[in-house]
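Be aware that the sequence shown starts at 127, since it is given in the numbering used here, and climbs by one per residue. Accompanying notes for the structure given below.
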Amino acid sequence: MGAALGPDFPSDIGLAVSGGGDSMAMLTLAHNWTHRWGVRLWVVTVDHGLRPEAAAEATLVRDTCAELGWPHATLRWHWDGQGNLMDAARRGRLSLIGRWRGGLPAVLFAHTRDDVAETFLMRLARGSGVDGLSAMAPVREIRDAAPPAPLSEDECCGARPPGTATDGFRVVRPCLNMGREELRHYLRVLKGRWVDDPSNEDPHYDRARIRRLLAELASQGLGAETLAATAARMSRAREALRARAVAAWHSCGREGVAGDLILDRDAFAALEADTRMRLLAAALQYVSSAEYRPRAAQLEALLDRLDAGAGGTLHGAELRCDRDEIRIFREYSAVAGLRRAVAEGGLWDGRWRVSHPTPSGLEIRALGEDGWRQAAERRAGGPPHAIARALPAIWDGDRLVACDALGIGPGGTTRLCPGGIEGQRYPAFLLSH
Numbered sequence: 127m128g129a130a131l132g133p134d135f136p137s138d139i140g141l142a143v144s145g146g147g148d149s150m151a152m153l154t155l156a157h158n159w160t161h162r163w164g165v166r167l168w169v170v171t172v173d174h175g176l177r178p179e180a181a182a183e184a185t186l187v188r189d190t191c192a193e194l195g196w197p198h199a200t201l202r203w204h205w206d207g208q209g210n211l212m213d214a215a216r217r218g219r220l221s222l223i224g225r226w227r228g229g230l231p232a233v234l235f236a237h238t239r240d241d242v243a244e245t246f247l248m249r250l251a252r253g254s255g256v257d258g259l260s261a262m263a264p265v266r267e268i269r270d271a272a273p274p275a276p277l278s279e280d281e282c283c284g285a286r287p288p289g290t291a292t293d294g295f296r297v298v299r300p301c302l303n304m305g306r307e308e309l310r311h312y313l314r315v316l317k318g319r320w321v322d323d324p325s326n327e328d329p330h331y332d333r334a335r336i337r338r339l340l341a342e343l344a345s346q347g348l349g350a351e352t353l354a355a356t357a358a359r360m361s362r363a364r365e366a367l368r369a370r371a372v373a374a375w376h377s378c379g380r381e382g383v384a385g386d387l388i389l390d391r392d393a394f395a396a397l398e399a400d401t402r403m404r405l406l407a408a409a410l411q412y413v414s415s416a417e418y419r420p421r422a423a424q425l426e427a428l429l430d431r432l433d434a435g436a437g438g439t440l441h442g443a444e445l446r447c448d449r450d451e452i453r454i455f456r457e458y459s460a461v462a463g464l465r466r467a468v469a470e471g472g473l474w475d476g477r478w479r480v481s482h483p484t485p486s487g488l489e490i491r492a493l494g495e496d497g498w499r500q501a502a503e504r505r506a507g508g509p510p511h512a513i514a515r516a517l518p519a520i521w522d523g524d525r526l527v528a529c530d531a532l533g534i535g536p537g538g539t540t541r542l543c544p545g546g547i548e549g550q551r552y553p554a555f556l557l558s559h
């Protein structure tokens with residue numbers, strides 16, 4: 127706890143507790159820890175609605191919290207049937223907790239050494255490189271792209287932490303150096319209670335199959351401790367490769383004036399392959415505000431096209447080559463239908479925030495072809511058509527009111543916040559993603 131949170135511990139902290147052995151052990155550990163350091167716990171359980179037993183598990187956590195004297199809330203999530211279930215459940219869990227946490231700066235999650243090893247094997251099976259095989263971080267920053275919507279009564283039953291949510295919080299994993307069996311042994315000694323989720327043994331899920339495989343590999347010297355140690359070494363290698371990529375960026379790249387990125391073709395071509403892949407992947411993610419980077423095979427194909435002097439599109443970004451430079455910018459088709467009322471606040475396209483007082487009834491959307499035509503007399507010196515049409519503009523119906531990049535309007539109407547972080551620029555983004 128001290129390594130993850132210190133030296134200035136918060137007065138209040140959240141715990142995500144499912145009712146399983148790992149999280150119930152973390153609850154007991156945290157309960158004992160708080161008496162020494164005077165920290166107040168706020169416990170939350172997410173009922174994903176996927177199993178009828180989940181409600182009883184949430185009740186077990188609630189009752190345990192009542193015995194220990196800590197407030198508890200149950201959050202309810204409903205899958206819309208879209209995408210990968212496990213990934214959707216993870217995202218939904220983080221979103222609900224982010225909306226529930228109030229002013230809490232951090233929420234504890236009980237990921238263990240076994241989770242690190244299982245994730246390592248799952249990503250190895252997908253052909254991941256150094257980044258994918260790196261161990262999950264003890265502390266992870268979660269940023270909100272928009273002010274969190276308040277939870278409804280249907281979504282939240284129980285205690286809610288006080289305070290107003292900031293633009294993000296920290297996920298803290300204090301149990302990463304502990305094994306799953308160690309935590310269960312701790313609970314057994316203390317006569318603690320927990321439940322076993324049957325989906326952990328269901329072969330329909332990737333993690334359940336990997337968990338079974340890991341048990342078999344342990345007899346060959348490839349147990350959780352060995353794999354987790356390898357993942358930790360991969361994390362160190364990732365940090366070194368990131369630092370190399372940042373240094374390379376300063377020698378071959380620069381930021382454009384409209385949220386785009388520019389690479390010197392010859393300097394970029396002279397870099398080693400991993401650094402080129404790393405720069406390009408982060409550039410695409412930066413320009414498109416994507417949570418994840420594109421797959422390695424897609425990046426390799428794009429690099430081949432760039433080496434041949436051709437451009438392309440990938441991950442919501444467009445790339446164009448001229449004799450000396452490669453320019454990477456937002457793909458217009460990715461934002462053509464994206465619109466938001468200015469009064470709603472938050473981010474447009476995940477990285478542009480309205481910053482100038484504007485009358486009600488206005489809308490932020492891409493400049494597009496209509497805006498480009500309306501700005502015909504003001505385009506000199508601004509970004510070219512391909513870049514400009516994907517930029518944010520303020521509209522009053524069909525009339526263009528403002529577009530900073532083209533000098534339309536009072537200026538300063540929008541500001542760039544990559545990844546939802548105020549003032550972040552590309553090199554810092556490269557290190558944090």
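Cβ coordinates follow ideal geometry from the N, Cα and C atoms, glycine included.
Any idea what DSSP makes of residue i, helix, strand or coil?
{"i": "tryptophan 320", "result": "coil"}
{"i": "arginine 380", "result": "strand"}
{"i": "valine 165", "result": "coil"}
{"i": "tryptophan 478", "result": "strand"}
{"i": "valine 315", "result": "helix"}
{"i": "aspartate 134", "result": "coil"}
{"i": "leucine 339", "result": "helix"}
{"i": "alanine 506", "result": "coil"}
{"i": "valine 372", "result": "helix"}
{"i": "leucine 247", "result": "helix"}
{"i": "alanine 366", "result": "helix"}
{"i": "glycine 347", "result": "coil"}
{"i": "leucine 397", "result": "coil"}
{"i": "valine 468", "result": "helix"}
{"i": "valine 461", "result": "helix"}
{"i": "leucine 473", "result": "strand"}
{"i": "proline 274", "result": "coil"}
{"i": "isoleucine 223", "result": "helix"}
{"i": "tyrosine 552", "result": "helix"}
{"i": "alanine 214", "result": "helix"}
{"i": "glutamine 500", "result": "helix"}
{"i": "glycine 305", "result": "coil"}
{"i": "alanine 148", "result": "Checking the sequence shown, residue 148 turns out to be aspartate, not alanine. Helix."}
{"i": "serine 254", "result": "coil"}
{"i": "histidine 330", "result": "coil"}
Among all the DSSP beta bridges, which residues are the ones paired with residue i?
{"i": "proline 485", "result": "DSSP, once it has assigned bridges, lists no residue as partnering proline 485."}
{"i": "alanine 232", "result": "Arg296"}
{"i": "proline 518", "result": "Ala492"}
{"i": "threonine 540", "result": "Val480"}
{"i": "isoleucine 454", "result": "Leu387, Leu445"}
{"i": "alanine 199", "result": "Val170, Gly284"}
{"i": "cysteine 111", "result": "A question about residue 111 goes unanswered here, because the residues of the chain that appear run from 127 up to 559."}
{"i": "isoleucine 268", "result": "Phe295"}
{"i": "leucine 141", "result": "Val169, Leu234"}
Using the C-alpha atoms, what's the distance from residue j back to residue i?
{"i": "alanine 384", "j": "arginine 477", "result": "12 Å"}
{"i": "arginine 402", "j": "alanine 369", "result": "13 Å"}
{"i": "alanine 502", "j": "histidine 511", "result": "11 Å"}
{"i": "alanine 263", "j": "glycine 382", "result": "32 Å"}
{"i": "valine 468", "j": "leucine 542", "result": "15 Å"}
{"i": "alanine 291", "j": "glycine 533", "result": "35 Å"}
{"i": "glycine 442", "j": "glutamine 424", "result": "13 Å"}
{"i": "aspartate 257", "j": "glutamate 398", "result": "17 Å"}
{"i": "arginine 227", "j": "proline 287", "result": "6 Å"}
{"i": "threonine 190", "j": "leucine 557", "result": "41 Å"}
{"i": "leucine 591", "j": "glycine 545", "result": "This structure gives no information on residue 591, because the portion of the chain shown stretches from 127 to 559."}
{"i": "alanine 344", "j": "threonine 540", "result": "55 Å"}
{"i": "alanine 422", "j": "arginine 404", "result": "10 Å"}
{"i": "glutamate 193", "j": "serine 361", "result": "40 Å"}
{"i": "arginine 446", "j": "aspartate 134", "result": "48 Å"}
{"i": "aspartate 138", "j": "leucine 131", "result": "12 Å"}
Open item on the list: Counting beta carbon pairs with one atom in the region 372–392 and one in the region 338–353, are three or more of them shorter than 8 Å?
Closed with: Result no; under three Cβ-Cβ pairs closer than 8 Å.
Open item on the list: Quick test of the definition: if touching needs 3 or more C-beta pairs under 8 Å, does the region 518–528 touch the region 485–505?
Closed with: yes
TODO: For the region 414–443, list the alpha helix (DSSP H) runs that are entirely contained and at least 4 residues long, ordered along the chain.
DONE: Within the region 414–443, the complete alpha helix (DSSP H) runs of at least 4 residues are 422–433.
Task: Contact the region 277–286 vs the region 195–203: 3+ CB pairs below 8 Å - done: Judged by Cβ distances under 8 Å, the region 277–286 makes contact with the region 195–203, as three or more pairs qualify.
Task: Sufficient close CB pairs (3 or more, under 8 Å) joining the region 300–315 to the region 137–145 - done: no
- [ ] Could you tell me whether the region 337–345 touches the region 236–252, where touching means 3 or more Cβ pairs closer than 8 Å?
- [x] yes
TODO: Give a yes or no on contact between the region 208–217 and the region 287–299, applying the rule of three or more CB pairs nearer than 8 Å.
DONE: no
Open item on the list: For the pair the region 317–325 and the region 176–191, tell me if three or more CB-CB distances fall below 8 Å.
Closed with: yes
Open item on the list: Any contact between the region 451–460 and the region 410–419? By contact I mean 3 or more CB pairs, one from each, below 8 Å.
Closed with: yes
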